[in-house]
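S.K.:
Residue numbers (full-length UniProt numbering): 1 to 159.
#1: Along the chain, where does the beta strand (DSSP E) that runs through residue 61 open and close?
#2: What is the DSSP secondary structure of residue 144, reduced to helix, strand or coil?
#3: When we look at the beta-carbon of residue 66 and count the other beta-carbons within 10 Å, is it buried (16 or more) or exposed?
#4: Is it right to say residue 70 is buried, meaning 16 or more other beta carbons lie within 10 angstroms of its own, or is it exposed?
#5: Using 8 Å as the cut-off, can you tell me whether the segment 88-101 makes contact with the segment 114-129, which would need three or more C-beta pairs spanning the two stretches below that distance?
#6: Closer than 6 Å by C-beta to residue 85: which residues in its own chain qualify, once you throw out the five before and the five after it? Chain order, please.
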């Protein structure tokens with residue numbers, strides 16, 4: 001016999017408590033790497049992919065971005081440009097890059113899904129990003145070099 005209980009009022013679960021539970025679940029370190037809850041892949045070794053010259057003392061991170069809607073990330077530069085590298089030029093509100101929160105304009109895009117982009121032209125870089133985004137799977141792996149803060153760049157000019 002099924003006893004139908006009237007719907008319990010939701011008051012016993014305040015919304016902020018629900019939010020907190022969700023946050024807790026997302027920060028849970030899963031041993032199953034494929035789930036990729038963590039925003040930065042912690043055991044990533046940039047030296048396994050890039051030379052010291054390419055890393056140039058910067059903080060190089062592997063980001064795992066969940067594919068939700070468009071990536072909404074614009075890049076500029078390329079190996080044949082004055083910048084000499086692919087650099088994030090804009091991140092649009094509400095896109096996957098924006099929701100991820102781990103990438104900002106000025107960061108260098110170094111690789112996508114294991115494909116190294118340090119020698120790519122702008123077109124090649126954009127095509128690689130698009131292909132990676134449209135390929136199977138729920139995640140895109142993006143390796144970025146974090147741009148140093150402006151003050152640091154300004155200090156360098158005094159040497």
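Beta carbons: idealized from backbone N, C-alpha and C, even for Gly. Quick caveat: nothing in here was measured; it's all calculated off a predicted structure.
M.R.: Here's the rundown:
#1: Where residue 61 is concerned, the enclosing beta strand (DSSP E) stretches over 60-66.
#2: Strand.
#3: Exposed, by the Cβ-count rule.
#4: Burial call: exposed.
#5: Two segments are said to touch when three or more pairs of C-beta atoms, one from each, lie closer than 8 Å; by this definition the segment 88-101 does not touch the segment 114-129.
#6: The residues are 77, 108.
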